[in-house]
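Chains as they are written, first to last, in the numbering used here: chain A, 27 to 137; chain B, 199 to 312.
Structure, rendered in structure tokens:
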């Protein structure tokens, strides 16, 4: 059974800091890995999708890496801003039908 | 182009009642998935519908059932509500059989069971 773990559960940083969110999964047989952002009480916004054959993806200040063999992914956020405050969820595709999510990292960026 | 829409936004029910949640997928998408997100947890997969049939199901009891209509919209039904069914219910859509592509999520329906 695929399990996804995210560390840390919560993170508080001052504006401008670079930060790394960690995600680990127990079964390396995945198709894709996806990072989402969720604002309080809201739905999910996709940030980055990494296909199994890829090592990383970049979008603006965000960079996500994937190491399938070790079952790990990281989300790097450069020059953090208060608007980045949200919960960040990592999810893997063990097959084509569903996503398996971690419990998220709650990020607070203070001005 | 409207994204994934869900209704209602919020819902309050009492134990034992039944509830129906609705989802309209993003234009051009024919696959709909439902997830349950309890407070402080990540979303859990309930089931997925394609061509009006349930394609895969997560570890949820038979009290959870669904339906997909010819226009690809979908309903999630929950019978005999329990306090533990209180959660944010998310609908996601994606195009065709590819599946393993970016899923687009709706804003969710917040269900509170008293």
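For every residue, glycine included, the Cβ atom is placed at its ideal position computed from N, Cα and C.
Where the beta strand (DSSP E) containing residue i begins and where it ends
i, result
"residue 270(B)", "From DSSP, residue 270(B) is part of no beta strand (DSSP E); its letter is neither H nor E."
"residue 33(A)", "30-33"
"residue 64(A)", "58-64"
"residue 135(A)", "131-136"
"residue 211(B)", "208-211"
"residue 72(A)", "70-77"
"residue 46(A)", "45-51"
"residue 205(B)", "203-205"
"residue 309(B)", "307-311"
"residue 40(A)", "36-40"
"residue 300(B)", "Element bounds for residue 300(B): n/a, residue is neither H nor E."
"residue 222(B)", "217-222"
"residue 231(B)", "229-235"
Residue i vs residue j beta-carbon contact at 8 Å
i, j, result
"residue 136(A)", "residue 41(A)", "yes"
"residue 309(B)", "residue 233(B)", "no"
"residue 78(A)", "residue 58(A)", "yes"
"residue 270(B)", "residue 201(B)", "no"
"residue 128(A)", "residue 32(A)", "yes"
"residue 113(A)", "residue 86(A)", "no"
"residue 280(B)", "residue 212(B)", "no"
"residue 318(B)", "residue 69(A)", "Here chain B covers residues 199 to 312 and nothing more, so residue 318(B) does not appear."
"residue 292(B)", "residue 203(B)", "no"
"residue 80(A)", "residue 92(A)", "yes"
"residue 207(B)", "residue 75(A)", "no"
"residue 285(B)", "residue 235(B)", "yes"
"residue 54(A)", "residue 95(A)", "yes"
"residue 133(A)", "residue 37(A)", "yes"
When the options are compared against residue i, the one with the closest alpha-carbon
i, options, result
"residue 84(A)", "117(A), 103(A) and 95(A)", "103(A)"
"residue 246(B)", "121(A), 62(A), 130(A) and 134(A)", "121(A)"
"residue 60(A)", "38(A), 99(A) and 105(A)", "99(A)"
"residue 117(A)", "34(A), 63(A), 46(A) and 88(A)", "63(A)"
"residue 56(A)", "124(A), 74(A) and 133(A)", "124(A)"
"residue 261(B)", "252(B), 272(B), 283(B) and 267(B)", "283(B)"
"residue 227(B)", "311(B), 290(B), 251(B) and 305(B)", "290(B)"
"residue 264(B)", "256(B), 231(B), 258(B) and 274(B)", "274(B)"
"residue 248(B)", "259(B), 272(B), 278(B) and 225(B)", "272(B)"
"residue 90(A)", "132(A), 115(A) and 108(A)", "115(A)"
"residue 257(B)", "66(A), 36(A), 126(A) and 37(A)", "126(A)"
"residue 231(B)", "266(B), 210(B), 209(B) and 205(B)", "266(B)"
"residue 109(A)", "35(A), 94(A) and 39(A)", "39(A)"
"residue 251(B)", "236(B), 277(B), 259(B) and 268(B)", "268(B)"
"residue 107(A)", "30(A), 34(A) and 45(A)", "45(A)"
"residue 97(A)", "52(A), 65(A) and 119(A)", "52(A)"
"residue 307(B)", "43(A), 34(A), 30(A) and 67(A)", "67(A)"
"residue 82(A)", "65(A), 101(A) and 71(A)", "101(A)"
- Where in the region 238-292 of chain B do unbroken runs of the beta strand (DSSP E), each at least 3 residues long, occur, reported from the N-terminal end onward? 242-248, 251-255, 262-266, 272-276 and 285-292
- Would you mind listing the beta strand (DSSP E) stretches within the region 79-126 of chain A that are 3+ residues and don't spill past its ends, in chain order? 82-85, 88-93, 98-103 and 112-119
- Task: Decide yes or no for the touch test of the region 242-258 of chain B against the region 206-225 of chain B: beta carbon pairs closer than 8 Å, at least 3 of them.
- Result: no
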